[in-house]
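Engineer:
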Amino acid sequence: MAFEIIPAIDVAGGKLCRMTPGGPVAVEAFGGHPLAAASAFVAAGAGRLHFVDIDLATRGEAANARVLASVVGLGVPVQASGGVADAGEVDALLGAGADRVVLGSAALADRGVTESLLARHGDRLAVGIEADGPTIRPRGRGIEIPLWETLVWLAELPVRRFVFTEVGRVGELRGPDLDGIWALATHTGRPVLASGGIRGLEDLRAIAGLGGTVEGAIVGRALHEGLDLGQALRGIG
40 MAFEIIPAID VAGGKLCRMT PGGPVAVEAF GGHPLAAASA FVAAGAGRLH FVDIDLATRG
100 EAANARVLAS VVGLGVPVQA SGGVADAGEV DALLGAGADR VVLGSAALAD RGVTESLLAR
160 HGDRLAVGIE ADGPTIRPRG RGIEIPLWET LVWLAELPVR RFVFTEVGRV GELRGPDLDG
220 IWALATHTGR PVLASGGIRG LEDLRAIAGL GGTVEGAIVG RALHEGLDLG QALRGIG
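Just so you know, we're using the working numbering here: the sequence shown kicks off at 40 and counts up by one.
#1: Looking at Ser120: is its Cβ nearer than 7 angstroms to the Cβ of Val81?
#2: Under three-state DSSP, which class holds Val111?
#3: Taking all protein chains shown into account, decide if Ile175 is buried (16 or more other Cβ within 10 angstroms of its Cβ) or exposed.
#4: Please look up how many angstroms separate the CB atoms of Ile168 and Ala145, rounded, as I've assumed it's under 8 angstroms.
#5: Excluding five sequence neighbours on each side, which residues of the same chain lie with their C-beta closer than 8 angstroms to the C-beta of His72?
#6: Just the C-alpha distance for Gln118 and Asp49, rounded to the nearest angstrom, thanks.
#7: Is the distance from the Cβ of Leu249 to the Cβ of Trp221 below 7 angstroms?
#8: Does the distance from the CB of Phe201 to the CB of Leu217 come in under 7 angstroms?
#9: So, for Ala83: in the same chain, excluding its five sequence neighbours on each side, which residues have a beta-carbon less than 6 angstroms away from its beta-carbon?
#10: Using the beta-carbon count (16 or more within 10 Å), is Arg260 buried or exposed?
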């Protein structure tokens, strides 16, 4: 299984941004234009893009469907996310052309909703795990969900892959939570994409070196602040 490096494109109000613990902040790279960033990543060799609708995640408003559709138009598969928690939001992102949707951690508070969405869209869903130690803590939702108890019942469902994020590291360039990534992969036996805290090539090598079912990493801020995607792809490949 080839290790996948997936550039993240976070969008709020149609503009390129990045998430921090205090909320989204504007990104000056690529002139602040999501399509310009996506085009550059594709030109550098990205085989998949990760699109985050920050307005959907923070306000429950899918306000960036046109931007998503323009990114999809570049011709590479797009994985879309943004705190997705119900069928309408999944349908909206798939309808805009997303190849895959990440189910937000807040949906895990309702097993019935999760089961229904996986039954309907299982092949095109990944399950997001926003972890804070032994707790799932969906950003901006004010709820806590026990991690290991939730993984017990998720193991009974047709989850194709997980997206693991250590919430305290998002946008912080503090390094990835290697222990958390490895624990999720070994506990579930399902493919895992890692995100949060990635600073550069050495972090990507460390994640890839975990092996097992760890299939790739989603990289955001580092790519806007100096990490060369082409070099990273060559360095891991």
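Don't be surprised by glycine CBs; every beta carbon is placed ideally from N, CA and C. The structure displayed is predicted, hence computed values, not measured ones.
Structural biologist: Put simply:
#1: The answer is no: Cβ separation not under 7 angstroms.
#2: helix
#3: buried
#4: Their Cβ separation, rounded to whole angstroms, is 12 angstroms, which puts Ile168 and Ala145 out of contact at 8 angstroms.
#5: Lys54 and Leu55
#6: 12 angstroms
#7: yes
#8: no
#9: Leu268 and Gly269
#10: Around the CB of Arg260, 16 or more other CB atoms lie within 10 Å, so the residue is classed as buried.
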